[in-house]
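**Student:**
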Amino acid sequence: APEIPAANVKAHLDQLQSIANANGGNRAHGRSGYKASLDYVKSKLDAAGYTTSVQQFTTGGATGYNLVADWPGGDPNHVVFAGSHLDSVSAGPGINDNGSGSAGVLEVALSVAKSGYKPDKHLRFGWWGAEELGMRGSSYYVNQLPSGERSKIDAYLNFDMIGSPNPGYFVYGYDASLKSLFEDWFTARNIATEVDTEGDGRSDHAPFQQAGIRVGGLFSGADYIKTAEQARNWGGTAGRAFDACYHRSCDTTSNIDDKALGTNSTAIAGAVWKLSGGGSTTPP
Ligand code: PHE
Ligand code: ZN
Ligand code: ZN
Ligand code: ZN
Numbered sequence: 017a018p019e020i021p022a023a024n025v026k027a028h029l030d031q032l033q034s035i036a037n038a039n040g041g042n043r044a045h046g047r048s049g050y051k052a053s054l055d056y057v058k059s060k061l062d063a064a065g066y067t068t069s070v071q072q073f074t075t076g077g078a079t080g081y082n083l084v085a086d087w088p089g090g091d092p093n094h095v096v097f098a099g100s101h102l103d104s105v106s107a108g109p110g111i112n113d114n115g116s117g118s119a120g121v122l123e124v125a126l127s128v129a130k131s132g133y134k135p136d137k138h139l140r141f142g143w144w145g146a147e148e149l150g151m152r153g154s155s156y157y158v159n160q161l162p163s164g165e166r167s168k169i170d171a172y173l174n175f176d177m178i179g180s181p182n183p184g185y186f187v188y189g190y191d192a193s194l195k196s197l198f199e200d201w202f203t204a205r206n207i208a209t210e211v212d213t214e215g216d217g218r219s220d221h222a223p224f225q226q227a228g229i230r231v232g233g234l235f236s237g238a239d240y241i242k243t244a245e246q247a248r249n250w251g252g253t254a255g256r257a258f259d260a261c262y263h264r265s266c267d268t269t270s271n272i273d274d275k276a277l278g279t280n281s282t283a284i285a286g287a288v289w290k291l292s293g294g295g296s297t298t299p300p
């Protein structure tokens, strides 16, 4: 799998910040900055050769949008799916939450195209609307998916906040093999991980999991406080939140740890390649 340079991911974050600046300071569901964000991501994917579709839904009295991108080819009966929510809260531009996951997944998708990767399995990527209203977009997507399509999804990987400024390296623990896949990746790079507890049921993996789909993911921390032991393992500041700007107006491009952003984005690529490449280490 390719290395994903933090600079490439940050270039998308700069674009999302500009979009927020030009649209009242946020990229929230029902606001113009949300649709502009979606149009940005879609244009990059279309130019790279993805088959994209925009799914509309209504919630909170406004139209919401999901974006789904399929990489042509691969076994359609075995789908590896990575996704992230693209909406912010209305208080700010939502650069760590969740420009970071959205940009990381986007850059991994673009790296698939750039490297001419021909996976054994089918690759799909998703950007969800209205997560901040209660995972409305991802719930809508899963609910409308016929059961025959659900069972073709080998794994759904979720990325919600991967560049926290005082970062931790948390791995979702719901599925043992997807947990190990990420843990092994970090261990090989001498980075300590912990199983995520802050995120339990609080992001777009939840609807997939409830539908019986195996889920995994990464998280760099929100408003929980970094302990002294965590600061010894990961650096940063003990006694301070992983992201002190969580859901605030200061969640801007300044609110990102470049190293966490690049490392986690490269871990996404590692997981996508490994899960889709076939062989005995991949799940059924
Ligand atoms: N889903 C939360 C949000 O968007 C963020 C979060 C992600 C919190 C993962 C905990 C774990 O606000
Ligand atoms: Zn399969
Ligand atoms: Zn949030
Ligand atoms: Zn979030």
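Just so we're aligned, residue 17 is where the sequence shown starts under mature numbering (1 follows the signal peptide of the UniProt record, and there is no 0), counting upward by one.
Ideal Cβ positions, reconstructed from N, Cα and C, are used throughout, including at glycine.
Here's the rule: buried if 16 or more other CB atoms are within 10 angstroms of the residue's CB, otherwise exposed. What is Asp-239?
**Tutor:** Numbered from 1 along the sequence shown, position 223 holds the residue referred to as residue 239. Exposed, because fewer than 16 other Cβ atoms sit within 10 Å of the Cβ of Asp-239.
**Student:** Using the beta-carbon of each residue, find all residues closer than 5 Å to any heavy atom of ligand 2 and list them in chain order.
**Tutor:** Qualifying residues, in the order they occur: His-94, Asp-170.
**Student:** CA-CA distance, Ala-17 and Ala-285?
**Tutor:** Stepping through the sequence shown from its first residue, residue 17 is reached at position 1. Stepping through the sequence shown from its first residue, residue 285 is reached at position 269. About 6 Å.
**Student:** Assuming Ser-155 is part of the alpha helix (DSSP H), what are its boundary residues?
**Tutor:** Translated into positions along the sequence shown, residue 155 becomes position 139. Its alpha helix (DSSP H) spans residues 152–160.
**Student:** DSSP state of Asp-86, grouped into three classes?
**Tutor:** Taking the sequence shown and counting its residues from 1, the one referred to as residue 86 is at position 70. If DSSP states are grouped into helix, strand and coil, Asp-86 belongs with the strands.
**Student:** Leaving out five residues before and five after Lys-60 in sequence, what residues of the same chain have Cβ atoms less than 7 Å from its Cβ?
**Tutor:** By 1-based counting over the sequence shown, the position of residue 60 is 44. If we look at Lys-60 and ignore the five residues flanking it on each side, its Cβ neighbours are Leu-122, Leu-126.
**Student:** Is the Cβ-Cβ distance between Lys-130 and Asp-170 less than 8 Å?
**Tutor:** Working through the sequence shown from its first residue, we reach residue 130 at position 114. Working through the sequence shown from its first residue, we reach residue 170 at position 154. No. Outside cutoff.
**Student:** Whole angstroms is fine: what's the gap from Leu-194's alpha carbon to Leu-149's?
**Tutor:** Locating residue 194 in the sequence shown gives position 178, counting from the first residue. Locating residue 149 in the sequence shown gives position 133, counting from the first residue. One C-alpha to the other measures close to 27 Å.
**Student:** Does the distance between the C-beta of Met-151 and the nearest non-hydrogen atom of ligand 4 fall short of 7 Å?
**Tutor:** The count along the sequence shown starts at 1 and reaches residue 151 at position 135. Because no heavy atom of ligand 4 lies under 7 Å away, the Cβ of Met-151 does not count as near it: no.
**Student:** Among Gly-252, Gly-115, Ala-257, Arg-230, which has the Cα closest to the Cα of Ala-27?
**Tutor:** Taking the first residue of the sequence shown as position 1, residue 27 is located at position 11. Checking every option, the nearest Cα to that of Ala-27 belongs to Gly-115.
**Student:** Given a cut-off of 8 Å on the beta-carbon distance, is the pair Ala-254 and Thr-243 in contact?
**Tutor:** In the sequence shown, the residue the question calls residue 254 occupies position 238. In the sequence shown, the residue the question calls residue 243 occupies position 227. Yes; because the gap between Cβ atoms is below 8 Å, this pair is in contact.
**Student:** What is the DSSP secondary structure of Asn-280, reduced to helix, strand or coil?
**Tutor:** Reading the sequence shown from its first residue, position 264 is the one you call residue 280. Residue state, collapsed to three classes: helix.
**Student:** Whose C-alpha, out of Gly-293, Gly-41, Asp-91, is nearest the C-alpha of Asn-110?
**Tutor:** Along the sequence shown, read from residue 1 onward, the residue named residue 110 stands at position 94. Per the sequence shown, residue 110 should be read as Gly rather than Asn. Per the Cα distances, Gly-41.
**Student:** What number of angstroms, rounded off, separates the C-alpha of Asp-62 from the C-alpha of Pro-183?
**Tutor:** If you number the sequence shown from 1, residue 62 lands on position 46. If you number the sequence shown from 1, residue 183 lands on position 167. Each residue's Cα considered, the two are about 32 Å apart.
**Student:** Over what stretch of residues does the alpha helix (DSSP H) that includes Pro-223 continue unbroken?
**Tutor:** For this step, residue 223 is matched to residue 207 along the sequence shown. Residues 221–226.
**Student:** What is the DSSP secondary structure of Asp-274, reduced to helix, strand or coil?
**Tutor:** Counting from one through the sequence shown, the residue named residue 274 turns up at place 258. Residue state, collapsed to three classes: helix.
**Student:** Any contact of the stretch 259–279 with the stretch 217–230, i.e. 3+ C-beta pairs under 8 Å?
**Tutor:** Contact between the stretch 259–279 and the stretch 217–230 is absent, because fewer than three Cβ pairs lie under 8 Å.
**Student:** Within its chain, find whatever has a CB closer than 7 Å to the CB of Ser-180; leave out the 5 residues flanking it on each side and keep chain order.
**Tutor:** As a first step, residue 180 is located in the sequence shown; it is residue number 164 there, counting from the start. Cβ neighbours of Ser-180 beyond the five flanking positions: Asn-112, Ser-236, Gly-237, Phe-258, Asp-259, Asp-273, Ala-276.
**Student:** Would you call Pro-162 buried or exposed, if buried means 16 or more other Cβ atoms sit within 10 Å of its Cβ?
**Tutor:** As a working mapping, residue 162 is identified with position 146 in the sequence shown. Pro-162 should be labelled exposed.
**Student:** Considering only the beta carbon of each residue, do Val-187 and Asp-212 sit closer than 8 Å?
**Tutor:** Walking along the sequence shown from the start, residue 187 turns up at place 171. Walking along the sequence shown from the start, residue 212 turns up at place 196. Against a cut-off of 8 Å, the Cβ pair of Asp-212 and Val-187 comes out as a contact.
**Student:** Short check: CB of His-101 to CB of Glu-165, under 8 Å?
**Tutor:** In the sequence shown, counting from the first residue as 1, residue 101 sits at position 85. In the sequence shown, counting from the first residue as 1, residue 165 sits at position 149. No, the Cβ-Cβ distance between His-101 and Glu-165 is not below 8 Å.
**Student:** Exposed or buried, Asp-103, counting other C-beta atoms within 10 Å across all chains shown (16 or more means buried)?
**Tutor:** Within the sequence shown, numbered from 1, the residue matching residue 103 stands at position 87. Buried, by the Cβ-count rule.
**Student:** Can we count Ala-238 as close to ligand 1, meaning its CB is less than 7 Å from some heavy atom?
**Tutor:** In the sequence shown, the residue the question calls residue 238 occupies position 222. It does: the Cβ of Ala-238 is within 7 Å (strictly closer) of some heavy atom of ligand 1.
**Student:** In whole angstroms, what is the alpha-carbon distance linking Tyr-172 and Glu-19?
**Tutor:** As a first step, residue 172 is located in the sequence shown; it is residue number 156 there, counting from the start. As a first step, residue 19 is located in the sequence shown; it is residue number 3 there, counting from the start. Distance between the alpha carbons of Tyr-172 and Glu-19 is about 21 Å.
**Student:** How big is the Cα-Cα spacing for Gly-108 and Tyr-185?
**Tutor:** Mapped onto the sequence shown, residue 108 falls at position 92. Mapped onto the sequence shown, residue 185 falls at position 169. Computed Cα separation, rounded: 24 Å.
**Student:** Whole beta strand (DSSP E) runs in the stretch 88–175 with 3 or more residues, listed along the chain?
**Tutor:** If we require 3 residues or more, the beta strand (DSSP E) runs fully inside the stretch 88–175 come out as 91–101, 137–144, 169–175.
**Student:** Which stretch, first to last residue, makes up the alpha helix (DSSP H) that contains Phe-202?
**Tutor:** For the purposes of this step, residue 202 is taken as the residue at position 186 of the sequence shown. Counting along the chain, the alpha helix (DSSP H) containing Phe-202 begins and ends at 192–204.
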